[in-house]
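Chemist:
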Amino acid sequence: MKKIFIFAFSIIYLLSISLGFSYALNKPNTLVVHYFRYDGNYNNYNMWVWQNLPVGLDGIQHNFDPLSVDQYGVSYSIDIETDYADSQRLGIIIKQGGWDGYREPGGDRFIDLDQLEVTNGVAHVYFVQGQIDFGKSQADLENNIPDYRPSILFTAFNAQSEITLSLSHPATSYKVFENSVEIKTGTFSNANLSQKITSLNIDITKKYEVEVSFGASSSKKIVSLQNLYDTEVFEDAFTYEGELGVIYAKNASTFRLWAPVSESVVLNTYQQGHPNYDRLGNESLEDTPLMSYPMTQIENGVWEVTVDGDLASKYYTFSVTNNGVTQEVTDPYSYSTGANGLRSMVVDFEQTNPSNWNFEERPATIKTFTDYIIWELHVRDLTSHSSWNGSAAYRGKFLGIAETGTTYTQNGVTVTTGLDHIEELGVNAVHLLPIFDFGYIDEVEVFKNPNQTNNVFNWGYMPYHYNTLEGSYATNPFDGNVRIYEFKKTVQAFHSKNIRVIMDVVYNHTGESEGSNFHKIVPGYYHRLNAQGGFSNGSGTGNETASERSMVRKLFVDSTIFLAKEYKLSGFRFDLMSLHDIETMNTIREEMNKIDPTIILYGEPWAGGDTLIKGEDAAGMTNTNEWDRTQIRKLDSGVAAFNDLYRNALKGQPDGSEGGFVQGNMNVSKYNDLKAGIKGATDQFTNSPLQNIVYGEAHDNLTLHDKLRSSGVTANEVQHAQVQSNAVVLTSMGIPFLHAGTEFLRSKPKQDGTYEHNSYESPDSVNQLRWDRKITYLNAFEYHKALIHLRKSISAFRLDTIEAINNRFTFIETTQSQTFKALAYHIEGTENEPSVLVMHVGKLSGITGLVLNDGKTYNQVTSRAGTQGLFDTQSGLVTRSGTFQVATSNTSAIFVEVMDAIEASVKEAFIEVAKDAQFDPLSNMNLPVGAKVYATPIQTNLPGFKVVTVSVIDYLGNTTYYYYNIRVSGQSFQTVLGGL
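Numbered according to the numbering used here, the sequence shown spans residues 17 to 996.
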C-alpha cells in the first residue's frame, strides 16, 4: 500500500510541474487576497495580516484599492518574501477602518501557506462578504467556495417575531421551515433588498430556517434569535437562578449547562486534560471520551446530568448540538482546566488547599477604600530578569512572586528584590494583571521549553475561562489542581506581608468571537450583535459581552463571588468597565459587601471603541452617551474609576511628546483637572473620593519614565519629575494606584532606542523589572518609601467623604498660581491628627511662596523630589510657620503640623495577674491622651510567663515599642511521681 501511495504521489508531482502549479510542495512568493462585497462599496476596507506560525508576530495593515475591482471584488498582492519571509501560516482579519469598525465574521482566520494552489510562485485566496469559508484554489471556486451567487446576507426575528431579511439581490419568493418542516410560503411584492415575513406564530425553543428564491438559484439560512434575547418572553422563559457548572461531591457530581436553544447536550469525561499529554506532561494519546452521558433539560434552558462516584480531577467537556451542528465545548463555569484550556476539570477544592488555608484571612489593613495603596504587577515581570536571583524553576510563575529572601548586589550595594521589595516599599495591595485562563500563550510549549524567549509573554486580556487560573503561571499546566494550589500559596505569601491581592478581570469581551464557547453554546446571546448579525466591537478586540442580559450578568456575578471566596481576593479591576451596565456593577458590589465590605472594585470608565450598550445604562462613558463620565455617579460609591483627566493633567497624554504639570506644560484646563482630581473629583464625576482612582501611569502606554523622557525631560531631571508625579498621586484624595517599578523609574526600551508604548506581547526583555535599576535609582526608591509611609500614617491624606473634604480641605494661592505651574493645599487636622500643608511646585524657575497664618508650626518632611537627604519622615528637615517657600522646581514639599511629643512609659517591669482575670495590657502604661497605641492581647486562661508588647505611634507615623513581663498565676505544671 505504501508503495502505491508513493507512486501516486509521484504522478501528481509530475503533473503539477507540467501544469505550473503545486500543492504543499513550495511556499508562494506572492499571495493575492481577493475580497468581494455585494454592494460594491470598498471604501476604507483593509486587512490586518500577521505571522501566526512558526511563532506569532505583530501584523501589518494592507489597504484595498476601492478603484481596482474585478469579478472577485478588490484584491491586494502581498509580497511574502518581504513582509512574511519565515511564515508558515498567516492570520487575517478583513475590516473597515480601524479596530472599532466593521469586521468580517469568522474572527481570526488563518491561511496555511503550504495548503494553497501555487502557480509560478503566486497563490490566491478568495473572501466574500458575510461568509466564513474562503477559497484557496480554482477547484474551490468551481465548488462555490466561497459562494458568489445571490445570497441571504442576514436573517433574524425582530422583537415582533417577524423574520427580517437582508439580501444581496432582489428575490421572488420564500419558504419558512420550523424544525425542518415547511410552515409558510409566499412571494415578495417588491424588489427591495430588505424584506420582512410577517404573521408567524413562533416557538423560541425551535429552529427556524428561511429559503429565498432568486430565480436561477436559492439561498437558505437559519433565522437568528438575536433580537429576541432581550425580550420579556425570552427572559422569563430562560432565566435560571440556580447553580451552574459542576457541583462536586465525593459520592456524585452534578453537571449543569445553560443552553436554552440547543437540541441536545452530552457530557464527555476524560482522564487527561489534554488529548496528547497526561497529568505530568508526558506524551499520551486520549482523543475519545472515557464515558459520554446524555443530559436532560430540566428548567429555564438548563441541561443536567448526575454522575455517581468521586470524579475529582477528572476532565470533561460538553457536546452541544445547535441547528443540527454538534460542537464540543468546555464549561463556561470551568473552575480549572488542563493545558491550554481544552478540557474542563472537576475540582475538589479541599484537596487544593495549602496548610492553614481555611484560617487564612485578608490582612486587617483596610477600613475604607482610600486606605488602599495599589501596586499594579504582571506575574512574569517580577521574576523574569536575572537580577531577581530567585529559584530558576519559579521564574514567571505564581511561586516566583511568592518567594522571599531574594536580593541583588552591585558595586557593594545590596537591595531586596521580588516580594521582599514590595513589602519594603510599603504598599498594601498588589493588583495582578490577568491571571485567568487567557489565549495566545501555548502552555505546553512553555512547560516543555522553559528557557525559550519567544511567544511566552502576554498581558492576558483575551479571556477564555473566567474562573480558571492561567496554566503558564503554574509549574505544571497539565494538572488543573497545581495552578490552584500554587496560587493559594501565593495569596498566603502576600497576606503574610500584610499585602492584599487584587485580580484584573476582563468580562467585557471573550478571547474569540464565533469560535468562543459562549457563542457555540448559545449563538449570539453572550455578545452584543449589530443589525447585520456581526459582533459589536466596543472592546476593540473583536466583540463585546452583553452584561445587561440576565444570564450574562449571572455569569459575571457568580464568577466574582467564586473568586473572592475561593481565593480570598481583596478586589477586582474591571477592564473597559463602560461596556458593562450599571445594574451588573452594582449587583457585584452588593455581593462583595456580603463577603467583605473592604473588597475593592474599580475599572476603566471608557470603552475600546463604539459600542451598542444603551448610553444611560453604561457604567462609564461611551459613544452612546456622548462620552459622559458622570455615569460613574450612577454607580454605588464602592465602585471606583480611573481618573484619566487627572493623569493627563499630571504628565500629558500617555503617549507622545505632550507634557503636563511635571513638565511645566500647563493651561487653565489642565490646572483645573489636576486640582479637581487632587480634591477627589467630586466636582467632575464622582460621588466621593472613594470612586477616584488617582494615577500617573499603568501597564498601558509608555511607562512614566519613558513618557517623561519622550516629552523633553532630561536624564538629569527625570527622577525628580518621576518622584514628584507619584508624590502628587500619594497626597491626593482618592485611591492611589502605582505601576510596578515606578519607584525605580521603570523603562521599556526597544532596540532602536525608542520606547515601547504597547508591550502587550513584547518579550520579557522589554517588560521585566530590572533590579539593577533599583540600585541606580535608590534615592528615588527611598523617597517613594517615605511618601507611602506618610500616606499610611497621616489620615488627612485618606479622607473618604465629600463632607470631610469640604470641611477640611482648602486650596491655597501661591506666588506661582497664575502660571498654573504650582499649587498648594491645606488639610485641617483633628484633635489627635496633625494638619498638613502640601506644596507641589512643577517645572519653573524662581521661588514659590505662600502665606498661611493659622498660628501653627509645621515640620517640613519632604523637599526636592528624588534628591538624597531631602526627605525625613523621622524628625523632619526644618520647621516653618506663617510663610512657606520652595526654591527649586519639581519639588513636592510636605509640611506636617508639629504635635506634642508622645512621652510613654511602662509602670512596672513585671506584674502578676490571677488566672482567668480580666486584664488590659495598656493598664500598665503611662500614656498621653489621644496617643495611637496598640498592644498584644493577653490570654489569662493559661498560667505561665508572657511578654507584652506595646507600640506607640507619633504624629509622623514613627513607632516606638515598649515591653514588660507578666505572670499569670495558677498551677503551671503538674508532676506525678511513682505508681498509682
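Every residue, glycine too, gets a C-beta built ideally from N, C-alpha and C.
The model shown is predicted, which means the values in this text are computed figures rather than measured ones.
Give the single residue among Ser-727, Thr-381, Pro-944 and Glu-798 whose Cα lies nearest to the Cα of Gly-668.
Modeler: Ser-727
Chemist: Please report the straight-line C-alpha distance between Tyr-523 and Pro-479, rounded to a whole angstrom.
Modeler: Pairing Tyr-523 with Pro-479, the inter-Cα distance amounts to about 8 angstroms.
Chemist: So what does Asn-981 bridge to, in DSSP terms?
Modeler: Phe-926 and Val-963
Chemist: Measuring straight from C-alpha to C-alpha, what distance separates Phe-334 and Ile-263?
Modeler: 15 angstroms
Chemist: Of all the options Thr-384, Ser-775, Pro-850 and Tyr-501, which has the alpha carbon lying nearest to the alpha carbon of Gly-654?
Modeler: Checked all of Thr-384, Ser-775, Pro-850 and Tyr-501; the closest Cα to Gly-654 is Thr-384.
Chemist: To the nearest angstrom, how far is it from the Cα of Asn-514 to the Cα of Asn-444?
Modeler: Cα-Cα distance, rounded: 6 angstroms.
Chemist: Less than 7 angstroms between C-beta atoms, sequence neighbours within five positions excluded: which residues of the same chain meet that for Tyr-118?
Modeler: Around Tyr-118: Lys-111, Gln-112 and Gly-550.
Chemist: What separation, rounded to the nearest whole angstrom, lies between the Cα atoms of Asn-208 and Pro-186?
Modeler: If I take the Cα positions, the gap works out to 6 angstroms.
Chemist: If we ignore side chains and look at the alpha-carbon of each, how far apart do Glu-564 and Ser-91 end up?
Modeler: 40 angstroms
Chemist: Which ranges does the alpha helix (DSSP H) cover as unbroken runs of at least 4 residues, wholly within the stretch 587-643, from first to last along the chain?
Modeler: 598-611
Chemist: Near Gln-288, what residues of its chain come up, given a Cβ to Cβ distance below 6 angstroms and the 5 sequence neighbours on each side ignored?
Modeler: Asp-294 and Glu-302
Chemist: Helix or strand or just coil, what does DSSP make of Gly-986?
Modeler: coil
Chemist: Give the straight-line distance between the Cα atoms of Gln-725 and Leu-661, rounded to the nearest whole angstrom.
Modeler: Here residue 725 is Arg; the residue named in the question, Gln, does not match the sequence. Those two C-alpha atoms are separated by around 21 angstroms.
Chemist: Provide the residue(s) that pair with Val-144 in DSSP beta bridges, ordered along the chain.
Modeler: Looking at the DSSP output, Val-144 bridges to Phe-52.
Chemist: Jot down the residue ranges of each uninterrupted alpha helix (DSSP H) in the stretch 438-473, minimum 4 residues, whole runs only, in chain order.
Modeler: 459-464
Chemist: Per the contact definition of three or more C-beta pairs closer than 8 angstroms, is the stretch 73-80 in contact with the stretch 168-182?
Modeler: no
Chemist: Jot down the residue ranges of each uninterrupted alpha helix (DSSP H) in the stretch 702-786, minimum 4 residues, whole runs only, in chain order.
Modeler: 720-726, 734-746 and 780-783
Chemist: Short check: CB of Met-361 to CB of Gly-496, under 7 angstroms?
Modeler: Yes, these two residues count as a Cβ contact at 7 angstroms.
Chemist: Express the C-alpha separation of Val-341 and Ile-220 in angstroms, rounding to a whole number.
Modeler: 18 angstroms
Chemist: Return the chain-ordered ranges of every beta strand (DSSP E) run that is complete within the stretch 199-230 and spans a minimum of 3 residues.
Modeler: Restricted to the stretch 199-230, the beta strand (DSSP E) segments that are unbroken, complete and at least 3 residues in length are 210-213 and 224-229, listed in chain order.
Chemist: Apart from the five residues on each side of it in sequence, which residues of its chain come closer than 8 angstroms, Cβ to Cβ, to Asp-816?
Modeler: Correct list, in chain order: Thr-384, Phe-385, Thr-386, Ser-704, Pro-705 and Leu-706.
Chemist: Output the distance between the C-alpha atoms of Ile-982 and Ala-933, rounded to the nearest integer angstrom.
Modeler: 13 angstroms
Chemist: Extract the residue ranges of the beta strand (DSSP E) inside the stretch 156-197, only unbroken runs of 3 or more that lie entirely within it.
Modeler: 168-173, 179-183 and 189-194
Chemist: Terminal residues of the continuous beta strand (DSSP E) containing Arg-896?
Modeler: Segment 894-896, the beta strand (DSSP E) holding Arg-896.
Chemist: Do the stretch 786-801 and the stretch 757-774 make contact, defined as three or more Cβ pairs closer than 8 angstroms?
Modeler: Result yes; three or more Cβ-Cβ pairs closer than 8 angstroms.
Chemist: Just list the residues that DSSP pairs Gly-89 with in beta bridges.
Modeler: Residue pairing for Gly-89: DSSP places it in a beta bridge opposite Asp-86.
Chemist: Run the CB neighbour count on Phe-126, radius 10 Å, all protein chains shown included, and call it buried at 16 or more, exposed below.
Modeler: exposed
Chemist: Which residue marks the beginning of the alpha helix (DSSP H) containing Phe-797, and which one marks its end?
Modeler: 794-809
Chemist: State the Cα-Cα distance for the pair Ser-921 and Pro-959, rounded to the nearest angstrom.
Modeler: Going by the C-alpha atoms only, they are around 26 angstroms apart.
Chemist: For Ala-634, does the count of other Cβ atoms within 10 angstroms reach 16, so buried, or fall short, so exposed?
Modeler: buried
Chemist: Kindly list the residues whose CB is nearer than 6 angstroms to the CB of Thr-475, restricted to its own chain and excluding five residues on each side of it in sequence; keep chain order.
Modeler: It is worth fixing the name first, because residue 475 is Trp in this sequence and not Thr. So the qualifying residues of the chain are Leu-449 and Tyr-776.
Chemist: Could you give the distance in angstroms between the alpha-carbon of Pro-305 and the alpha-carbon of Leu-273?
Modeler: 18 angstroms
Chemist: So what's Arg-544 in DSSP terms, helix, strand or just coil?
Modeler: coil
Chemist: Once the 5 residues before and after Gln-1024 are set aside, which same chain residues still bring their CB inside 6 angstroms of it?
Modeler: Past the edges of the chain, shown from 17 to 996, lies residue 1024, and the structure says nothing about it.
Chemist: Considering only residues of the stretch 369-442, which uninterrupted alpha helix (DSSP H) runs meet the minimum length of 4 residues and lie entirely inside it, listed in chain order?
Modeler: 414-418 and 434-441
Chemist: To which residues of the same chain is Pro-765 closer than 7 angstroms at the C-beta, ignoring the five residues directly before and after it?
Modeler: Tyr-771
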